[in-house]
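In the numbering used here, the protein residues as written are 5 to 144. Below: the structure, in structure tokens.
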């Protein structure tokens with residue numbers, strides 16, 4: 005069951021301009037330490053940050069939030085699994101909003117797709133709910 009869909013496109017130049025104007029302040033306000041470090045070590049830091057920025061915007065849209073529930077930038081974090089695939093992790097107010105959206109008998113799943121084709125970066129987020137699988141061993 006789909007709970008929400010969000011899409012966002014960001015100009016990489018816009019992120020470069022924010023980096024030029026605000027530098028580390030911009031990174032610290034919007035991104036977690038892990039996100040900032042990973043992006044700044046990338047061949048194209050602005051494109052990496054732009055994808056993460058777009059992911060957070062798409063996450064907001066998928067949650068149906070429109071910034072009215074107090075979700076902060078750092079309540080959504082783009083991480084990468086061992087193979088490098090990005091995923092979106094919610095905490096704080098974003099996690100609270102996700103819990104409200106998810107039917108009680110189900111668990112939430114967040115799918116994230118990131119892409120950049122300069123001069124743009126794009127993110128697509130689908131939040132869905134899946135039936136909880138009960139492990140027989142849980143009852144032991």
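Even glycine gets a Cβ: it sits at the ideal position worked out from N, Cα and C. For clarity, every value in this text was computed on a predicted model and none was experimentally measured.
{"Item": "Rounded to a whole number of angstroms, what is the C-alpha to C-alpha distance between residue 140 and residue 101?", "Value": "For residue 140, the predicted structure reports a pLDDT of 42, less than 50, and the residue's modelled location is therefore unreliable. The matter cannot be settled from this model."}
{"Item": "According to DSSP, is residue 52 part of a helix, a strand, or is it coil?", "Value": "helix"}
{"Item": "Run through DSSP, which three-state label would residue 42 get?", "Value": "helix"}
{"Item": "Identify, in the order they occur along the chain, each residue of the same chain with its Cβ nearer than 6 Å to the Cβ of residue 54, setting aside the five sequence neighbours on each side.", "Value": "14, 16, 19 and 125"}
{"Item": "Suppose you measure from the CA of residue 29 to the CA of residue 38; what does that come to, to the nearest Å?", "Value": "15 Å"}
{"Item": "Rounded to the nearest angstrom, how far is the Cβ of residue 110 from that of residue 127, given a contact under 8 Å?", "Value": "Residue 110 to residue 127, Cβ: 24 Å. No contact."}
{"Item": "The beta strand (DSSP E) with residue 114 in it runs from where to where?", "Value": "110 to 121"}
{"Item": "With which residues is residue 132 paired in a DSSP beta bridge?", "Value": "6 and 113"}
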